[in-house]
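Enquirer: Protein chains in written order, with my numbering: chain A, 1 to 182; chain B, 1 to 456.
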Amino acid sequence: MRSVRNLFILGSSLGLITVLGCKKPEPTPEPPPATITKSEPPPAEVKTPTVDTTKPVDMSAAKYAEFQKAASAALKDINFDFDRSDIRDADKPKLQAIASFMKSFGSARIMIEGHCDERGTVEYNLALGDRRAFAAQNYLSGLGVNRDRMGTISYGKEKPKAMGQNEESFFINRRGEFKLQN
Amino acid sequence: MRRTLMGTLLLATGLALSGPRASAQPKPAGQAAPAKPGSQTEVTVDVRQGKLGLGLPKPLLATGAGLDADGVNSNFTEVLRRDLEDAGPFALLKDKLPATVEASTVKPWLDAGAEWVLSMKVAKTGEVVTVTLQVLDVKATAQGEGKQLRYAFSKNYSGNTSLLRRIAHTMADDLVDRLTGDRGIANTRIVFVRQMAPGIKELFQVDRDGANPIELTRYGSLTLSPTVAADGRLAYVTYKGGSPEIWGQKKPGIPHERLYPNSSAGAQGSCYAPVWSPDGKRLAFTQSDRRGNSDIVVLDVQTGRVRKLTDGGFINTEPSWNPAGTQIAFTSDREGGPQVYLMEEDGSNVRRLTVEGSYNASPAWSPNGAMIAYVSRFEGKFDLFVFKLGEGKAYQVTTGVASSESPAWSPDERRLVFSSNRGGSMQIWTTDLSGNTVKRLTEFNFCQSAKWTRSR
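1) Output yes or no for whether 9 Å exceeds the beta carbon distance between B:Gly-159 and B:Val-128.
2) Could you name each continuous alpha helix (DSSP H) segment of 4 residues or more that falls completely within the segment 51 to 80 of chain B, going from the start of the chain to the end?
3) Does the beta carbon of A:Phe-170 come closer than 9 Å to any beta carbon on chain B?
4) Indicate whether A:Leu-95 and A:Leu-143 have their beta-carbon atoms separated by less than 9 Å.
5) Give the residues from the segment 276 to 299 of chain B that approach chain E closer than 8 Å (Cβ to any Cβ), ordered along the chain.
6) From what residue to what residue does the beta strand (DSSP E) around B:Gly-248 run?
7) Quick one: list the residues of chain A neighbouring B:Ala-273, beta-carbon separation under 7 Å, in chain order.
8) Output, in chain order, the set of chain B residues within a Cβ distance shorter than 8 Å of A:Leu-128.
9) Apply the 10 Å Cβ neighbour rule to A:Phe-81 and answer buried if 16 or more other Cβ atoms are within range, or exposed otherwise.
10) Hey, out of B:Asp-279, B:Asp-333 and B:Gly-241, whose CA is closest to B:Lys-251's CA?
11) Could you name the residues of the same chain whose beta carbon sits closer than 6 Å to that of B:Gly-210, not counting the 5 residues immediately before and after it, in chain order?
12) With 9 Å as the threshold, decide whether the Cβ of B:Ser-263 is near any Cβ in chain A.
13) Do you know whose CA, among A:Lys-161, A:Ser-60, A:Ala-136 and A:Lys-69, lies nearest A:Phe-101's CA?
14) Is A:Gln-137 buried or exposed, if buried means 16 or more other CB atoms sit within 10 Å of its CB?
15) Among the candidates B:Glu-335, B:Gly-336, B:Arg-334 and B:Asn-349, whose CA atom is the shortest distance from the CA of B:Ile-328?
16) Report all residues from its chain with a CB closer than 6 Å to the CB of B:Ser-366; omit the five preceding and five following residues, and keep chain order.
17) Quick one: give me the first and last residue of the beta strand (DSSP E) that A:Ile-98 is part of.
18) Could you check whether B:Leu-224 and B:Leu-216 sit closer than 9 Å to each other, using their CB atoms as the reference points?
19) Would a check of beta-carbon distances place A:Arg-174 closer than 9 Å to chain B?
20) Out of B:Val-101, B:Phe-192 and B:Ala-229, which has the shortest C-alpha to C-alpha gap to B:Ser-455?
21) Using a Cβ-Cβ cut-off of less than 9 Å, give me the residues of the segment 82 to 103 of chain A that come near chain B, in sequence order.
22) Answer with yes or no whether the minimum CB distance from A:Asn-138 to chain B is below 9 Å.
23) Of the residues B:Met-120, B:Leu-97 and B:Ser-119, which one's Cα is nearest the Cα of B:Leu-110?
24) Does the pairing of the segment 109 to 117 of chain A with the segment 142 to 160 of chain A give three or more beta-carbon distances under 8 Å?
25) Within the 9 Å Cβ cut-off, does A:Leu-180 reach chain B?
26) Just checking: is the beta-carbon of A:Val-46 within a distance shorter than 9 Å of some beta-carbon in chain B?
27) Which residue or residues does DSSP assign as beta-bridge partners of B:Cys-447?
28) Would you mind telling me which residues of chain B sit closer than 7 Å to A:Glu-167, beta carbon to beta carbon, in chain order?
29) From this set, B:Thr-326, B:Thr-303, B:Arg-305 and B:Ser-270, which residue's C-alpha is nearest B:Thr-317's C-alpha?
30) Only counting the same chain, and skipping five residues up and downstream in sequence, which positions put a Cβ closer than 8 Å to that of B:Gly-390?
31) Measure the beta-carbon distance from B:Leu-54 to B:Leu-84 and round it to whole angstroms, keeping in mind my assumption that it falls under 8 Å.
32) How would you call A:Ala-61, buried or exposed, if buried means at least 16 neighbouring beta carbons within 10 angstroms?
33) So if DSSP puts B:Val-297 in a beta bridge, which residue, or which two residues, is it bridged to?
34) For B:Ser-221, collect the residues of the same chain with a Cβ closer than 7 Å to its Cβ; drop the 5 residues on either side in sequence, then sort them by chain order.
35) Can you give me, in chain order, the residues of the segment 330 to 357 of chain B that have a beta carbon less than 7 Å from any beta carbon in chain A?
36) Name the DSSP beta bridge partners of B:Gly-159, please?
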């Protein structure tokens, strides 16, 4: 089921030049914001992405492998400082790579997961994870990736990646993860 | 788990918590049955610190009823003994005690220091077991020269044999009530989150003594943050549909359903931290917007209408109602790091509660409204504190052993249940307000977010 969908969506993005050509271009990049502290106008309602469903095209195994390879090369975790959601300078190249991937594969959709280390309360960390996921989404949006292609979700401190109780593990766990949705 | 001298000194800087609230203090032992001054029946109150000397001989089992003596002992007598020991106001007598309660043993009970002796008979008809309790008032009987047994309290309890433990809990609570005027907490349960596998958490409940674990959800997903209404209804967060939603019960005993997002509201983000209002009609919870900020909203569960209480582009979460349902304590980072704030139920009159420390969160308003428990980062660890509203001061409860989180009150307001990794993995513990009597409740793989209730 999933792989069929992968093939189909990828097919529509790689194979159907005419379809892509008719699609609305990506919006002009906004400057990447720093931190989000002020209230902003309500965001536009999220629409499901418009993908041409009328002309499924077979994707060759080679092209699918290329897509997967590009995804796993680009979708690397970024990290955050304690109780912060600022994008660190060290992670900006990673987000550039993700933005490039998203532009190269125009139908790719990602879910941005915000995670926290084990310190602090369950609920506050869930809220903090949302803020981290949004900070990443906002930065990518500033690099020209349409928000509609990037969902956000927080897992707070509920899904740690490293189990140690030391700063090394905490750093690994304070992260944004980018998961392919199609 | 005893507080070190250093811990005590730290507390002494204005942080020492006094004993339980005055109205909950057990009455002095002599008060249950005043002794004649100077008589030899005077008990050694100083040794027992004001506790009432209690004799608990084995209950008398009806013959021919098919009662299993071992089962009665483990599921009733020992349960009752532990409940009464944990309750606080009783000193259970242990050595050289008479085996029976009758006129001839009044004097030996008196000499052993007993003020009350529980005389119990257990009978069984079919699957229904009946326990007849008579509480011998030793002094009153002795003063009447022991010819007529005098009882402080008598009551019959009956139920299916599977409910023996609950009969013991109810009896213990009745005895605490009889002695102190406040209901005990033996017959209570604790609802919590248990990790089944990485990324998979479900709701469970156990009795106050850790017995009788019951699985409440089986979603195979991340399920978090239970809240229990006064009538026992659950609400919680589950990711089973992909994103975090509020699920729970609109009526007691019915299957769980999605409570929010619902069809009658507009744009709806992720939902966290639900908490039933004291009247059980509303749920306060946290909703994230698509800008990464979080606000506290209140859902009228019957109409499905929501009202947003906070607004301003910050994290606002962890709502906790006061017992009247007129105010809400919550956590916000509006001034930088997380701090505890209070507001009216309509979102007005926001004021900051916590002033010391850079990380204060997870407020829990006490059942009688005079205190708010919360978590504070203190010397690199997270500890439980209690803010006494009348004094405007905070008192430290747990001390630096490891992290302590998610405080919730016992129904009698004498203890807190919380999660802590002090034993290695994260487990559910309870503590009295002095932090001196810390007890582990769970021994599962990983547990968190406990709530303490009478109503399940």
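For every residue, glycine included, the Cβ atom is placed at its ideal position computed from N, Cα and C.
Expert: A quick look at the data gives this:
1) yes
2) 69 to 72
3) no
4) yes
5) Absent here is chain E; the protein component of the structure consists of chains A and B.
6) 245 to 248
7) Glu-123
8) Ile-315
9) Note that residue 81 of chain A is Asp in the sequence shown, not Phe. Burial call: exposed.
10) B:Asp-279
11) Leu-441
12) no
13) A:Lys-69
14) buried
15) B:Asn-349
16) Trp-409 and Glu-413
17) No beta strand (DSSP E) holds A:Ile-98; the alpha helix (DSSP H) holding it covers 92 to 104.
18) no
19) no
20) B:Ala-229
21) Asp-83 and Ser-85
22) yes
23) B:Leu-97
24) yes
25) no
26) The predicted position of A:Val-46 is uncertain, since its pLDDT is 43 and thus under 50; no value can be drawn from it.
27) B:Arg-194
28) Those do not exist, as A:Glu-167 stays about 12 Å from chain B at its closest Cβ, beyond 7 Å.
29) B:Ser-270
30) Ala-370
31) 6 Å
32) exposed
33) B:Phe-285 and B:Lys-308
34) Ile-200, Thr-238, Tyr-239 and Lys-240
35) Thr-331, Gly-337 and Pro-338
36) B:Val-129
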